[in-house]
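Structure first, then comments.
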Amino acid sequence: MTHLLVRAARGERTERPPVWLMRQAGRHIPEYREIRADYEFREAIETPEVATRITLLPWELYEPDGVVMFSDILTVLEPLGFDYHLESGVGPVVENPVEGPADAERPRGSVAEDLDFVGSLLDNLVERVGSETAIIGFAGGPFTLASYAVAGGASRNHGPVRRFRARHPEAFRSLLSAFADVVREYLEYQADHGADVVQLFDTYAGVLSPADYREFVLPLHREILSDLSVPSIVFVRNMAGRLDSLDATGADVVGLDWTVDMAEARETLGDRPVQGNLDPQHLFGPTDFVRERTRAVIDAAGPRGHILNLGHGVDRDTPVESVRAFVETAKSISR
Ligand code: CP3
1 MTHLLVRAAR GERTERPPVW LMRQAGRHIP EYREIRADYE FREAIETPEV
51 ATRITLLPWE LYEPDGVVMF SDILTVLEPL GFDYHLESGV GPVVENPVEG
101 PADAERPRGS VAEDLDFVGS LLDNLVERVG SETAIIGFAG GPFTLASYAV
151 AGGASRNHGP VRRFRARHPE AFRSLLSAFA DVVREYLEYQ ADHGADVVQL
201 FDTYAGVLSP ADYREFVLPL HREILSDLSV PSIVFVRNMA GRLDSLDATG
251 ADVVGLDWTV DMAEARETLG DRPVQGNLDP QHLFGPTDFV RERTRAVIDA
301 AGPRGHILNL GHGVDRDTPV ESVRAFVETA KSISR
């Protein structure tokens, strides 16, 4: 049986839109917060039984059409030679960031060895829910990873990595390229372990000028996404007005943030399947409003090649009832 999500990713007309939410396995779920009281972030991610339990929390609550493996885009930093942790109240911290142009290439580890816990997690998911729902893998994109690797953590408007690009363009190019090679290997590794669909989160790449995106990042997105053995979704925020660049990545599905008008996106992208794009903050409105706005997204997208999602991740205090209303709106449709 081919999962509904995979059929939509291939551009088929579906009887209803498949639905999942970015960051669905996270802090908006009370049980998640309980589990996190017992395990550090990396410990939770790197212990397959714990990561499996967390991944399945939203499945038990909402039965979405896909479960996204509980992990983080930063895990891949390890085979790239970086150490990181999550600091509460601060966010991710990279302990040994890129110091200068000479430091752009580091000895690389092995994806299969350093990230074997991801393979085990996916194996668990295939066994437990693989016949009922699609399993979604993911990786961070080269620019988003580079932003953390250069700044050492979150940074205002990604100033440090954009400055690095201006001062050391060739080192910037080789840093991104080294990241892209490992990301591509990592996504194939996930497909080998049963991911049905994979999403590339290059969330921050939209802060680059259009010319820089096209010169430095687009070719790498193409390299990563072309000829993957499973359907792919590309997600970059702040790309309204330049969706043609995302179309050119060759991803099977273009992810849309909430600042994109769905009907306009359909016009620009033609037959290219799309994912999105309810404003995550709309889930803080009344339930009727959530249903009505969700319905508007579904109607604007039309019946072919649409995966319903938010325009970015679920926020931490989002009411469970709103997420349920969002999922149920998709599930109530039959056409
Ligand atoms: O979607 C999912 O449910 C799957 C898991 C997932 C997480 N992070 C879990 C997580 C995914 C796909 C990500 C992606 C991610 N992580 C991105 C790109 C996508 C995006 O959100 O736009 C980025 C930039 C990161 C890096 C990262 N990790 C950030 C910015 C944070 C939040 C830091 C904070 O304190 O607010 C994390 C931590 C993180 N990743 C949490 C979860 C559930 C929260 C951990 C916790 O506090 O328990």
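Residue numbers for the sequence shown follow full-length UniProt numbering, so the first one is 1 and each next one is one higher.
Glycine residues also receive a C-beta, built at the ideal position from the N, C-alpha and C atoms.
- In the DSSP annotation of this structure, the continuous segment of the beta strand (DSSP E) that includes residue 84 starts and ends at 84-87.
- Collapsing the DSSP output to three states places residue 238 in coil.
- In this structure, 78 is the residue among 100, 6, 63, 78 with its C-alpha nearest to the C-alpha of residue 46.
- Between the alpha carbons of residue 122 and residue 103 lies a distance of about 33 angstroms.
- Within 7 angstroms of the C-beta of residue 322 there is not a single heavy atom belonging to the ligand CP3.
- As computed with DSSP, residue 304 is found in a beta bridge with 13.
- Rounded to whole angstroms, the separation of the alpha carbons of residue 119 and residue 80 is 18 angstroms.
- With fewer than 16 other Cβ atoms from the protein chains shown falling within 10 Å of its own Cβ, residue 1 counts as exposed.
- Residue range 91-94 is occupied by the beta strand (DSSP E) that includes residue 92.
- Using a Cβ distance threshold of 8 angstroms, residue 238 and residue 206 count as a contacting pair.
- Straight through space, the alpha carbons of residue 163 and residue 286 are spaced by roughly 43 angstroms.
- The Cβ atoms of residue 298 and residue 18 lie no closer than 8 angstroms to each other.
- When only Cα atoms are considered, residue 147 and residue 221 end up about 16 angstroms apart.
- Short of 6 angstroms from the beta carbon of residue 126, and not among the five residues preceding or following it, lie these beta carbons of its own chain, in chain order: 194.
- Residue 29 has its CB no nearer than 7 angstroms to any heavy atom of the ligand CP3.
- Sequence-distant partners of residue 218 (beyond 5 residues in either direction) whose C-beta falls short of 8 angstroms from its own C-beta, in its chain, are 245, 248, 249.
- Placement of the Cβ of residue 68 at a distance of less than 7 angstroms from at least one heavy atom of the ligand CP3 is found.
- Distances from the alpha-carbon of residue 105 to those of 85, 155, 180 put 180 closest.
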